[in-house]
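*Asks:* Position one of the sequence shown corresponds to residue 381 (the working numbering), numbered consecutively onward. Please read through the structure below; I'll follow up with questions.
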Amino acid sequence: MRRHDQGGDRPTTQDPARRGLRQDFDARARAARADFEASIQRRRADFDARNEALTARTGRNLPAAIGIALAFAVVMLAALLIWKPAFMVVAAFLLGVGVYELTSAMRFAGRDVPRIPSVAVAIAIVPAAFVGGQVPALFTLLGGIVLISVWRLVEVAAARTKPPAGNVVRDLTNGLFVQAYISLLGACVVLLSREDRGQLWVIAFILVVVAVDTGAYATGLNLGKHPMAPRISPKKTWEGFAGSVAASIVVGIIVSMLLLGLPWWTGVVLGVLISGSATLGDLTESMIKRDLGIKDISSFLPGHGGLLDRIDSILPSAAVAYVVFLIVTH
Numbered sequence: 381m382r383r384h385d386q387g388g389d390r391p392t393t394q395d396p397a398r399r400g401l402r403q404d405f406d407a408r409a410r411a412a413r414a415d416f417e418a419s420i421q422r423r424r425a426d427f428d429a430r431n432e433a434l435t436a437r438t439g440r441n442l443p444a445a446i447g448i449a450l451a452f453a454v455v456m457l458a459a460l461l462i463w464k465p466a467f468m469v470v471a472a473f474l475l476g477v478g479v480y481e482l483t484s485a486m487r488f489a490g491r492d493v494p495r496i497p498s499v500a501v502a503i504a505i506v507p508a509a510f511v512g513g514q515v516p517a518l519f520t521l522l523g524g525i526v527l528i529s530v531w532r533l534v535e536v537a538a539a540r541t542k543p544p545a546g547n548v549v550r551d552l553t554n555g556l557f558v559q560a561y562i563s564l565l566g567a568c569v570v571l572l573s574r575e576d577r578g579q580l581w582v583i584a585f586i587l588v589v590v591a592v593d594t595g596a597y598a599t600g601l602n603l604g605k606h607p608m609a610p611r612i613s614p615k616k617t618w619e620g621f622a623g624s625v626a627a628s629i630v631v632g633i634i635v636s637m638l639l640l641g642l643p644w645w646t647g648v649v650l651g652v653l654i655s656g657s658a659t660l661g662d663l664t665e666s667m668i669k670r671d672l673g674i675k676d677i678s679s680f681l682p683g684h685g686g687l688l689d690r691i692d693s694i695l696p697s698a699a700v701a702y703v704v705f706l707i708v709t710h
């Protein structure tokens, strides 16, 4: 019994010490967690502030632009390299959304360009170009322009209040411009992709366009002092343009030799031409937005504009790449 009593009722003098150690450990853990959360909040606030300053300076949400560009790159590469006919779906989506964005922006500005037939023509020209080639694509475009014009004239005839003749002519010419700017130039990408090794040419010229954009961005951001077209695009500078030319030539030489199996000087030609066409495409869209009195074509891509804002440099460059392809390979 004594052993049981002595062994069963041990003193508890260590319990308060243990509780004190545990409370101290909990307090330190809470303090460390609070410091960690505060550090995360400070870093997030610092990142947001830098991102806002960068957006204000460059006119774009850079992280969003990079993320969306990478997503599109993955989809396009998969379509071109795995099964080329799948590229028709990608091209039809891009052209259809681009036409819808531009016609919607025009209608918002009071220019009644029919959206339904305009989008239908942009989508229809993709299989016509990929399956049939140049002639079917051209007839699809011409027939589509007639359809859009007749559609608008029927709308005017059925309207109770007739718009002025000058406005109707403006609507018709704007409808023609949409098809020439997006559907025709976009068809050049499809025509190029259907050719033997054409998918490599599509990848090559898009890489050069990316180099143009990156070179202009980097040099313009750090060295830009002389505006190129201040009334059209205030953030574009001659220093940025020089950087875009240099970057496009370097990438043009690389893709020509390693991807296309062509002489190095072909890359120089491709780089110079595409640096001009990509810059022209960007300025053209800036002129369109200024003429319509809007900042972005749409808000399809939250945070940095519409889809057309992302492919404005690719469209005219596709025509340049297709012409260079025809000259080099024929």
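Where a beta carbon is used, it is the ideal one built from N, C-alpha and C, also for glycine. Every value quoted in this text rests on a predicted model; they were computed, and no experiment measured them.
Give the secondary structure of Ala609 by DSSP, where H, G and I count as helix, E and B as strand, and everything else as coil.
*Replies:* On the sequence shown, residue 609 is found 229 positions in, with the first residue counted as 1. Correct three-state label for Ala609: strand.
*Asks:* Could you tell me which residues DSSP pairs with Thr712 in its beta bridges?
*Replies:* Residue 712 falls outside the range modelled here, since the chain spans only 381 to 710, and no answer is possible.
*Asks:* Between Val479, Leu461, Leu450 and Leu556, which lies nearest to Ser678 when the distance is taken from Cα to Cα?
*Replies:* Residue 678 sits at position 298 when you count from the first residue of the sequence shown. When only C-alpha atoms are compared, the closest one is Val479.
*Asks:* Using three-state DSSP, classify Phe488 as helix, strand or coil.
*Replies:* For this step, residue 488 is matched to residue 108 along the sequence shown. Helix, per DSSP.
*Asks:* Just to confirm the assignment, what range does the alpha helix (DSSP H) spanning Gly656 have?
*Replies:* What you label residue 656 is simply residue 276 of the sequence shown in a count that begins at 1. Taken as a continuous stretch (DSSP letters only), the alpha helix (DSSP H) holding Gly656 covers Trp644 to Leu672.
*Asks:* Give me the Cα-Cα distance between Val649 and Ile629, rounded to the nearest whole angstrom.
*Replies:* Here residue 649 refers to the residue found at position 269 of the sequence shown. Here residue 629 refers to the residue found at position 249 of the sequence shown. Taking the straight line from one Cα to the other gives about 8 Å.
*Asks:* Check Val511 in the structure and name its three-state DSSP category.
*Replies:* As a working mapping, residue 511 is identified with position 131 in the sequence shown. In this structure, Val511 counts as helix in the three-state DSSP scheme.
*Asks:* For the segment 523–532 against the segment 471–485, do three or more pairs of beta-carbon atoms, one drawn from each stretch, fall closer than 8 Å, so that the two count as touching?
*Replies:* In short, these stretches do not touch, since the Cβ pair count stays below three.
*Asks:* Ignore the nearest five residues each way along the sequence and tell me which others in Ala605's own chain have a CB closer than 8 Å to its CB.
*Replies:* As a first step, residue 605 must be located in the sequence shown, where it is residue number 225. Ala is not the amino acid found at residue 605; the sequence shown has Lys there. For Lys605, where only same-chain residues beyond five positions count, the Cβ hits under 8 Å are Thr617 and Glu619.
*Asks:* Under the rule that 16 or more other beta-carbon atoms within 10 Å means buried, what is Pro643, buried or exposed?
*Replies:* For the purposes of this step, residue 643 is identified with residue 263 of the sequence shown, where counting begins at 1. Exposed.
*Asks:* Have a look at Phe585 and Ala485 and give me their C-alpha separation to the nearest angstrom.
*Replies:* Taking the sequence shown and counting its residues from 1, one reaches residue 585 at position 205. Taking the sequence shown and counting its residues from 1, one reaches residue 485 at position 105. Their Cα atoms are separated by approximately 29 Å.
*Asks:* What separation, rounded to the nearest whole angstrom, lies between the Cα atoms of Gln559 and Ile505?
*Replies:* What you label residue 559 is simply residue 179 of the sequence shown in a count that begins at 1. What you label residue 505 is simply residue 125 of the sequence shown in a count that begins at 1. One C-alpha to the other measures close to 10 Å.
*Asks:* Can you give me the C-alpha to C-alpha distance between Pro465 and Ala459, rounded to a whole angstrom?
*Replies:* For this step, residue 465 is matched to residue 85 along the sequence shown. For this step, residue 459 is matched to residue 79 along the sequence shown. Taking the straight line joining both Cα atoms gives about 8 Å.
*Asks:* Alpha carbon to alpha carbon, what distance is there between Val570 and Val331?
*Replies:* What is shown of the chain runs 381 to 710, which leaves residue 331 out entirely.
*Asks:* Please name the residue, chosen from Ile691, Gly686 and Thr646, that lies closest to Thr709 on a Cα-to-Cα basis.
*Replies:* Residue 709 sits at position 329 when you count from the first residue of the sequence shown. Out of Ile691, Gly686 and Thr646, Thr646 has the C-alpha closest to the C-alpha of Thr709.
*Asks:* Rank Ala545, Phe519 and Val582 by C-alpha distance to the C-alpha of Leu695 and give the top, closest one.
*Replies:* Here residue 695 corresponds to residue number 315 of the sequence shown, with the count starting at 1. Out of Ala545, Phe519 and Val582, Val582 has the C-alpha closest to the C-alpha of Leu695.
*Asks:* Assign Glu481 to one of three DSSP states: helix, strand, or coil.
*Replies:* The residue you call residue 481 lines up with position 101 of the sequence shown. Helix, per DSSP.
*Asks:* Rounding to the nearest angstrom, what Cα-Cα distance links Leu672 and Thr483 in this structure?
*Replies:* Walking along the sequence shown from the start, residue 672 turns up at place 292. Walking along the sequence shown from the start, residue 483 turns up at place 103. When rounded, the distance between both Cα atoms is 11 Å.
*Asks:* Touch check for the segment 466–476 and the segment 660–669: three-plus C-beta pairs under 8 Å?
*Replies:* No, the segment 466–476 is not in contact with the segment 660–669.
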